[in-house]
Every structure is written in C-alpha cells, then in structure tokens.
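Undergrad: Residue 589, in my numbering, is where the sequence shown stops; the numbers in between run on with no holes. The following block contains the structure, expressed as structure tokens.
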Amino acid sequence: MMNEQQRQEASRIRQGEPSDIKSETDNLERLKQTSSDDFVKYFETTYEPPSLKSAKKRGKEDVEIHYDYTIPEEMQNVGDGQKYMIRTYGCQMNEHDTEVMAGLFEEMGYTSTSDTKEADIILLNTCAIRENAENKVFGELGHLKSLKRENPDLILGVCGCMSQEESVVNRILKKHPFVDMIFGTHNIHRLPHLVKEAMFGKEMVVEVWSKEGDIIENLPRSRKGNIKAWVNIMYGCDKFCTYCIVPYTRGKERSRLPEDVIQEVRHLAAQGYKEVTLLGQNVNAYGKDFDFDYGLGDLMDELRKIDIPRVRFTTSHPRDFDDRLIEVLAKGGNMLDHIHLPVQSGSSAVLKIMARKYTRERYLELVDKIRTAMPNATLTTDIIVGFPNETEEQFEETLSLVEEVGFESAYTFIYSPREGTPAAKMQDNIPMDVKKERLHRLNDLINKQSAETMEKYQGEVVNVLVEGESKNNSEVLAGYTERNKLVNFRGSKSAIGQIVKVKITNTKTWTLDGEMVEEAAEVK
Ligand code: 5AD
Ligand code: SF4
66 MMNEQQRQEA
76 SRIRQGEPSD
86 IKSETDNLER
96 LKQTSSDDFV
106 KYFETTYEPP
116 SLKSAKKRGK
126 EDVEIHYDYT
136 IPEEMQNVGD
146 GQKYMIRTYG
156 CQMNEHDTEV
166 MAGLFEEMGY
176 TSTSDTKEAD
186 IILLNTCAIR
196 ENAENKVFGE
206 LGHLKSLKRE
216 NPDLILGVCG
226 CMSQEESVVN
236 RILKKHPFVD
246 MIFGTHNIHR
256 LPHLVKEAMF
266 GKEMVVEVWS
276 KEGDIIENLP
286 RSRKGNIKAW
296 VNIMYGCDKF
306 CTYCIVPYTR
316 GKERSRLPED
326 VIQEVRHLAA
336 QGYKEVTLLG
346 QNVNAYGKDF
356 DFDYGLGDLM
366 DELRKIDIPR
376 VRFTTSHPRD
386 FDDRLIEVLA
396 KGGNMLDHIH
406 LPVQSGSSAV
416 LKIMARKYTR
426 ERYLELVDKI
436 RTAMPNATLT
446 TDIIVGFPNE
456 TEEQFEETLS
466 LVEEVGFESA
476 YTFIYSPREG
486 TPAAKMQDNI
496 PMDVKKERLH
506 RLNDLINKQS
516 AETMEKYQGE
526 VVNVLVEGES
536 KNNSEVLAGY
546 TERNKLVNFR
556 GSKSAIGQIV
566 KVKITNTKTW
576 TLDGEMVEEA
586 AEVK
C-alpha cells in the first residue's frame, strides 16, 4: 500500500477548472449582460451540452486526488437563516451524494427542511436509469413551477444522473426555464460556486462536465442517521452493459485509495456506527485502476479487522467477483454473507447482447463457488425482462435460473430504452403487455421463494440491528438481520442502535415478526 509520501506524490492538485468549463462559465458571464432572447439563441446555436460520445471515448489518464477542499470564504455564511431541501431519486449512490450536498449546504449555514414551502433552495437529485424515473422528475418540476411563481427568490436546481444527459439539459432549457441551475455528477463539489452564480446571476446556471472529475476526499457529509453509513469505494463504471446509461452519466471507474476508505470506516466505527455499506456501481472492479495490485478482497480483509459489527457492499458484477473476495468473505466476522449479485437474465444469448461478459453457466459456477465457501450465503439479484428480442423460451431460462439459484429476493425491471446506449438502437420489440406479464410471472416466483425462505425462520433467534420504530407502528421496533431480512418486534426503545437477539414468531412474504429475547447481542 502507498505510504504518506507516495500518496502526496499521487495527489497532484489541479489548479483552476477544466478549460471547457472555464470558457463555458465565461460565456455565461458575458451572456448575463445580454438579453434573454440572446441567451436562448446562444443555447440553440453555440452551447454544447454534455456529450455522451465523448464520455465513452475517455482515455486512461490518471485520476487526481484532492485533500484540500474548502468552501469559498464568501459562501461560508451565505445560508444563515435559510433552508435547503434535497429530493433524492434512484440508488444508494445518489442517496449518498445527497448526504455530501447536505454537508456542503450546512457548511454554508443552511439548515434542512422537508417542507417545500419553507425552502429557500430546492435540489432534485435525479436518476436516469429508467424512463419512469425521469418522468417522475419532470412531473415534480411541473409542481415546483407554481412554487417558484409564488416565491421568485426560491432557487431551484436539478443535479444527478439526468443532468448528464444532453436531451434532458435541452428539455429543461426549453421547457422549464424557471430552473435556476443544472449541474451533473462530476462537479458536486462546485455546489457553493453554483449557488453563488444562481443567487447573483439572472440566467440559468448550467455546469455539466462530460469528463469525470477527480476524487475529492475531504468533502463534508451530513449523514442521514447514526447507525448505518454509506462509504464510497469507487465511482463510475467501465462495463458498458448495452442497456445501461450509468457509464455515461457516472464516468469511468475511479477507486478511492484503500487508506482513505479504511480511515473513513475507522472513523465511523469510532463514532459508534454499527454498519457500513461500501458503495460503487461495480464494486468488484475496485482497484483495477491502481498501478499496484489490490482488489476488493484485500480491502475487505483490512475492514474485517476494524471494530464495526457489519460491513456490506453493493453492487457486484459477476464477471469481476474473484476467488480472493470469496475467501475473505468466508472468514465471517463482520463480513456479512448476503451477496447482491445482479444476473439480469438467465439466457446466455440475452446476456451476450446485454454485453454482460458471462454466460448462464459461468454465473451458476460462481454461485456454486460462493455456496461452497459460504453455505449460508443469501443471494439476491437484479433482473431485466423484455430486453429487445427476448423470446418466451429465453424468459423461461430466467425463471429456471431464479429457481436453481434460489434467490431470496430480487429487484425486477421492465427493459426501458435509454437514449445513447447501444441497446436503444435495437427495436424495443417486446409489446408492453408481454413485458408486464413476464414481470408478473417473475415476481410471483420471487415472492414464493422469499416466503419459503422466511418460513424457515419460524422459531429461530436472529441478530437484529435495530434502526428505530417501525414505519407503520411506533410501538414496534424494526431492524435488519445479517442477511438483510426486515424484522418487526416489540422491545424497549433503548435497543435502538444496538444489535439484539430476536425470536421469530411469525413470518410473512418479505418481513419477519418477533420478540426481543435479550439486549445487545454479541457480534458473530
Ligand atoms: N432498463 C431496465 N432496467 C435497467 N437497469 C439498468 N438499466 C436498465 C434499463 N435500461 C437495471 C439493472 C441494474 C439495475 C440497477 O437497474 O437491473 O442492475
Ligand atoms: Fe450499468 Fe452494467 Fe455498469 Fe451495472 S455493471 S452500472 S448494469 S453498465
């Protein structure tokens, strides 16, 4: 691993902003002096939105790491007495980005609110993975328009994955001109500057980088809770599965240095957090971009030694899931034996056009290896139905794979063409009623398997990390087992934040009911 000196050498600090952004900002500055018609004309004729093509053509240049982030002095109190609100769509990566932006707002003096009417600044942190995720955001923009009319001082921003898509930026520019700022996934740290521009400028602030940025280590975070925490271990994805927009919206794979991850987890443990989830779009590719030999298995082996009861990771790609990782996970301790292993399809022919780079057989071999090393491992997955040309037989192969592996739960999706991805060039030729019917059959099977797994817990005693009161009943506590099963049980509120033993008294399709048998269980 790198020592401090090597790390400092690796940390070449970039001065200023990438030149394309700089000139973009200059242009916008100049345009602020001109009429709004000129501004629109500029966007129609000169402005180049983030290019999906250039995102794909990225090179292998070094990633720079910064440890010296500061909020400009003039922005440090700008939010005093004001409130921010961030609405988050999509995955855990977005949830965690929201925690970073919340941290930035709080360092600027803002406090949070969940009431749109009270907010001085509202951000929509968006998801681009499927069309319905995008539709929700455009719907929300429609609602916010009237709020903006009532309160013209309100600052409205759109950020996250949708902002990285040129079609979205164009649509907002043309149809939602009341939006004050748009920024993407690579320049979250620029939030204070962008807020400043939006506050003092008259026109929409648009700053979206097509090329991924560097890694900035010391950004503030305002975490959602004090029991479970997310920790980024890498950013971006290089897999380019043909249906997926993520490699375009999140850029190339960049891993954080092991010592930075380890330090963050140690710090969380010292603060009393009980569980960390390591985050990345493809965590199994962790370390592939280092010029030294180090992977997720090595990282997990180090995290095993930290005094934190639970370490999870998400999300995995079967292709990169290696023996070293399996060997380390099998050591147990704080390594949980729940593995989320997206398969997407059970048909080798479909997997091939999805460019998943494994076959049904290879996936099943991997499952065998995992089960041999960890006989109790819980496996969950992601599946897409209705990919272009998917035949009934190919769909049935997915059903048979689900049975063969015995997935205990799954996120299931109807294929949604994403502009700019290779699959979007194929005809989306499976009728919606067929897609829905397949999804329905798949969900029935998954529900059945989940219910059967749950039944086996009847009468068992499980370790539950208590997160708080149940959503539906404040008399009941709720938390998750090591295998990610949600348990509702009666117990003393003092158990919140602890790992306790709960005896299961009733099982349902997706949840377990129980009674607390003793407080503060020993960590396995
Ligand atoms: N259509 C439907 N589902 C998709 N996913 C990713 N892209 C698409 C798409 N275009 C699903 C995959 C992935 C999960 C996060 O979202 O199953 O694993
Ligand atoms: Fe998308 Fe495939 Fe990368 Fe997952 S591994 S984020 S599905 S491209």
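Glycine included, every Cβ here is placed at the ideal spot set by N, Cα and C.
Please work out which residues of its chain come closer than 7 Å, Cβ to Cβ, to residue 424, disregarding the five sequence neighbours upstream and downstream, and give them in chain order.
TA: For this step, residue 424 is matched to residue 359 along the sequence shown. The answer, listed in chain order, is 413 and 416.
Undergrad: Are residue 300 and residue 286 closer than 8 Å when you measure CB to CB?
TA: As a working mapping, residue 300 is identified with position 235 in the sequence shown. As a working mapping, residue 286 is identified with position 221 in the sequence shown. Cβ atoms of residue 300 and residue 286: not closer than 8 Å.
Undergrad: Based on the DSSP output, what are the partners of residue 391 in its beta bridges?
TA: Along the sequence shown, one-based indexing puts residue 391 at 326. DSSP, once it has assigned bridges, lists no residue as partnering residue 391.
Undergrad: In whole angstroms, what separates the C-alpha of residue 507 from that of residue 501?
TA: Within the sequence shown, the letter at position 442 stands for residue 507. Within the sequence shown, the letter at position 436 stands for residue 501. One Cα belongs to residue 507, the other to residue 501, and the distance between them is close to 10 Å.
Undergrad: Assuming residue 402 contacts residue 441 (C-beta within less than 8 Å), just tell me the rounded distance between them.
TA: The residue given as residue 402 occupies position 337 in the sequence shown. The residue given as residue 441 occupies position 376 in the sequence shown. Residue 402 to residue 441, Cβ: 6 Å. Contact.
Undergrad: Within 7 Å: the Cβ of residue 523 and any heavy atom of the ligand SF4?
TA: Taking the sequence shown and counting its residues from 1, one reaches residue 523 at position 458. No, the beta carbon of residue 523 sits no closer than 7 Å to any heavy atom of the ligand SF4.
Undergrad: Hey, residue 373 and residue 330: beta-carbon distance below 8 Å or not?
TA: As a first step, residue 373 must be located in the sequence shown, where it is residue number 308. As a first step, residue 330 must be located in the sequence shown, where it is residue number 265. Cβ distance < 8 Å, so residue 373 and residue 330 count as in contact.
Undergrad: Quick check on the burial criterion: 16 or more other C-beta atoms within 10 angstroms. Buried or exposed for residue 115?
TA: Your numbering for residue 115 matches position 50 in the sequence shown. In this prediction, residue 115 scores a pLDDT of 49, lower than 50, which makes its location untrustworthy; no coordinate-derived value is stated.
Undergrad: I want to check one thing, is the minimum distance from the CB of residue 407 to the heavy atoms of the ligand 5AD below 7 Å?
TA: Along the sequence shown, one-based indexing puts residue 407 at 342. Yes, the Cβ of residue 407 comes within 7 Å of a heavy atom of the ligand 5AD.
Undergrad: Taking one C-beta from the segment 553-565 and one from the segment 530-542 each time, how about it: are there three or more such pairs within less than 8 Å?
TA: yes
Undergrad: Note down, one range per segment and in chain order, each beta strand (DSSP E) of at least 3 residues found wholly within the segment 242-328.
TA: Here the runs fully enclosed are 246-248, 270-272 and 293-297.
Undergrad: Around the Cβ of residue 193, are there at least 16 other Cβ atoms within 10 angstroms (buried) or fewer (exposed)?
TA: Residue mapping note: residue 193 aligns to position 128 of the sequence shown, counting from 1. Under this definition residue 193 is a buried residue.
Undergrad: Within the same chain, show all residues whose beta-carbon is closer than 8 Å to that of residue 420, passing over the 5 residues directly before and after it, in chain order.
TA: What you label residue 420 is simply residue 355 of the sequence shown in a count that begins at 1. Hits under 8 Å: 304, 305, 306, 307 and 487.
Undergrad: Which value, in whole angstroms, describes the spacing of the CA atoms of residue 288 and residue 166?
TA: Numbered from 1 along the sequence shown, position 223 holds the residue referred to as residue 288. Numbered from 1 along the sequence shown, position 101 holds the residue referred to as residue 166. Approximately 10 Å between the Cα atoms of the pair.
Undergrad: Taking the alpha carbon of residue 345 as the point to measure from, which residue in 160, 397, 546 and 518 has its own alpha carbon closest?
TA: Start at 1 with the first residue of the sequence shown, and residue 345 comes out as number 280. Here the closest residue by C-alpha is 160.
Undergrad: Which residues end up in the neighbourhood of the ligand SF4 when you take C-beta atoms closer than 6 Å to any of its heavy atoms?
TA: 302, 304, 305, 306, 309, 311, 312, 346, 347 and 382
Undergrad: Roughly how many angstroms lie between the CA atoms of residue 215 and residue 230, to the nearest whole one?
TA: Residue 215 sits at position 150 when you count from the first residue of the sequence shown. Residue 230 sits at position 165 when you count from the first residue of the sequence shown. Their Cα atoms are separated by approximately 30 Å.
Undergrad: Kindly confirm or deny that the segment 510-525 and the segment 350-360 touch, where touching means at least three C-beta pairs closer than 8 Å.
TA: no
Undergrad: What residue ranges within the segment 469-510 form continuous beta strand (DSSP E) runs of no fewer than 3 residues, ordered along the chain?
TA: 474-479
Undergrad: Is residue 483 a contact residue of the ligand 5AD, with contact defined as CB to any heavy atom under 7 Å?
TA: Position 418 of the sequence shown, counting from 1, holds the residue named residue 483. The answer is yes for residue 483.
Undergrad: Are the CB atoms of residue 243 and residue 213 within a distance shorter than 8 Å?
TA: Here residue 213 is taken as the residue at index 148 of the sequence shown, counted from 1. Here residue 243 is taken as the residue at index 178 of the sequence shown, counted from 1. For residue 213 and residue 243, yes; Cβs fall inside 8 Å.
Undergrad: Using a threshold of 8 Å, state whether the C-beta atoms of residue 185 and residue 148 are closer than that.
TA: Translated into positions along the sequence shown, residue 185 becomes position 120. Translated into positions along the sequence shown, residue 148 becomes position 83. Yes, the Cβ-Cβ distance between residue 185 and residue 148 is below 8 Å.
Undergrad: Just to check, is the beta-carbon of residue 447 closer than 7 Å to a non-hydrogen atom of the ligand 5AD?
TA: On the sequence shown, residue 447 is found 382 positions in, with the first residue counted as 1. Within the cutoff, so yes.
Undergrad: Terminal residues of the continuous alpha helix (DSSP H) containing residue 431?
TA: Residue mapping note: residue 431 aligns to position 366 of the sequence shown, counting from 1. Its alpha helix (DSSP H) spans residues 425-438.
Undergrad: Looking at residue 480 and the ligand 5AD, is the gap between the Cβ and the nearest heavy atom below 7 Å?
TA: Along the sequence shown, one-based indexing puts residue 480 at 415. Flag set: Cβ of residue 480 near the ligand 5AD.
Undergrad: The beta strand (DSSP E) that contains residue 377, what's its start and end?
TA: Start at 1 with the first residue of the sequence shown, and residue 377 comes out as number 312. That run of the beta strand (DSSP E) goes 375-379.
Undergrad: Could you check whether the Cβ of residue 418 sits closer than 7 Å to any heavy atom belonging to the ligand 5AD?
TA: Position 353 of the sequence shown, counting from 1, holds the residue named residue 418. Answer for residue 418: no, Cβ out of range of the ligand 5AD.
Undergrad: Give me the Cβ distance between residue 624 and residue 326, rounded to the nearest whole Å; I'm assuming they're in contact under 8 Å.
TA: As displayed, the chain neither begins before 66 nor continues past 589, which places residue 624 out of reach and without an answer.
Undergrad: Give the single residue among 146, 162 and 195 whose Cα lies nearest to the Cα of residue 176.
TA: One-based indexing of the sequence shown puts residue 176 at position 111. Nearest option by C-alpha distance: 146.
Undergrad: Given that a residue counts as buried once 16 or more other Cβ atoms are within 10 Å of its Cβ, and exposed if not, what is residue 338?
TA: In the sequence shown, counting from the first residue as 1, residue 338 sits at position 273. It is buried - the Cβ of residue 338 has at least 16 other Cβ atoms within 10 Å.
Undergrad: Kindly indicate which three-state DSSP category residue 543 falls into: helix, strand or coil?
TA: In the sequence shown, residue 543 corresponds to position 478, counting from 1. Strand at residue 543.
Undergrad: Going by the CB atoms, is the gap between residue 437 and residue 378 shorter than 8 Å?
TA: What you label residue 378 is simply residue 313 of the sequence shown in a count that begins at 1. What you label residue 437 is simply residue 372 of the sequence shown in a count that begins at 1. No, Cβ-Cβ distance for residue 378 and residue 437 is not below 8 Å.
Undergrad: Please classify residue 523: does DSSP put it in a helix, a strand, or coil?
TA: By one-based count along the sequence shown, residue 523 stands at place 458. Reduced to three states, the DSSP call for residue 523 is coil.
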